[in-house]
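Trainee: I have a structure here, written as structure tokens, and I will follow up with some questions on it.
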Amino acid sequence: MFKHYLSGILSVVLFGMHLSAHAQPTSDQTLYLILRATGNAVTVQEAIVKPLRFRPTASHATDPYRYVLLSQDNKELFSSYFYDPLAINVDDFSDPQHPKGGKKILAEASFHLKVPYLPEATRIRFERKNEQTGKFQPMGTSPLNVFPRNQP
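For reference, each letter of the sequence shown is one residue, going -23 to -1, 1 to 129 in mature numbering (1 follows the signal peptide of the UniProt record, and there is no 0).
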């Protein structure tokens, strides 16, 4: 009985350590990024701090892109996954009786991401998943030139 009780306590402690090690950063502000994707590059067009509490959106390791917020000394502060901004779903209604759907890959696209505002984050690294290996490969790093809300 004692062994079972001790095992339960140990499981709870280990689970708590896992959660604290993988906890989302708390931030009372959100960094709203306006980005541009072209082929093999994603660049930051604008970064605006908004006074909204950051709530992580659903992201999955199966999404083909990932971003990592980096500090000045290259420490990874936060990371998450996002969809392919160049892939859009299209519908073809030329035959109303048999509509078709599919995916189209754009040459370039503008899109946005909401990430936690972390004052120590100075750069953002974008990565793309390699289809053969399943590992993420760096696409490039952009500086985070952050503007307060309602400023250029």
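Idealized CB from N, CA, C, for every residue including glycine.
Would the beta-carbon of Phe103 fall within 8 Å of that of Tyr58?
Mentor: Contact: no.
Trainee: Roughly how many angstroms lie between the CA atoms of Ser87 and His75, to the nearest whole one?
Mentor: Rounded to whole angstroms, Ser87 to His75 spans 31 Å at the Cα level.
Trainee: I'd like to know whether the C-beta atoms of Leu83 and Leu63 end up nearer to each other than 8 Å.
Mentor: Closer than 8 Å, so yes.
Trainee: Can you give the Cα-Cα distance for Thr99 and Asp50, rounded to whole angstroms?
Mentor: Computed Cα separation, rounded: 9 Å.
Trainee: Between Tyr44 and Ile25, is the Cβ-Cβ spacing less than 8 Å?
Mentor: No, the pair does not count as a contact, with Cβ atoms beyond the cut-off.
Trainee: For Pro93, is the classification buried or exposed, using 16 other Cβ atoms within 10 angstroms of its Cβ as the cut-off for buried?
Mentor: Buried is the call here.
Trainee: Kindly indicate which three-state DSSP category Asp61 falls into: helix, strand or coil?
Mentor: Three-state DSSP puts Asp61 in coil, outside helix and strand.
Trainee: Should Ala14 go down as buried or exposed, given a rule of 16 or more other Cβ atoms within 10 Å for buried?
Mentor: Buried, because 16 or more other Cβ atoms sit within 10 Å of the Cβ of Ala14.
Trainee: Tell me whether Gln114 sits in a helix, a strand or coil according to DSSP, three-state version.
Mentor: Strand, per DSSP.
Trainee: Count the other C-beta atoms from every protein chain shown that fall within 10 angstroms of the C-beta of Ile101, then say buried if there are 16 or more, exposed otherwise.
Mentor: When all chains shown are included, Ile101 counts as buried.
Trainee: Who are the near neighbours of Glu23 in its chain, counting only those whose CB is closer than 7 Å to its CB and skipping five residues on each side?
Mentor: Excluding residues within five positions, the ones whose Cβ falls inside 7 Å are Ile11.
Trainee: Buried or exposed for Val19, going by 16 or more other Cβ atoms inside 10 Å?
Mentor: Buried, since its Cβ has 16 or more Cβ neighbours within 10 Å.
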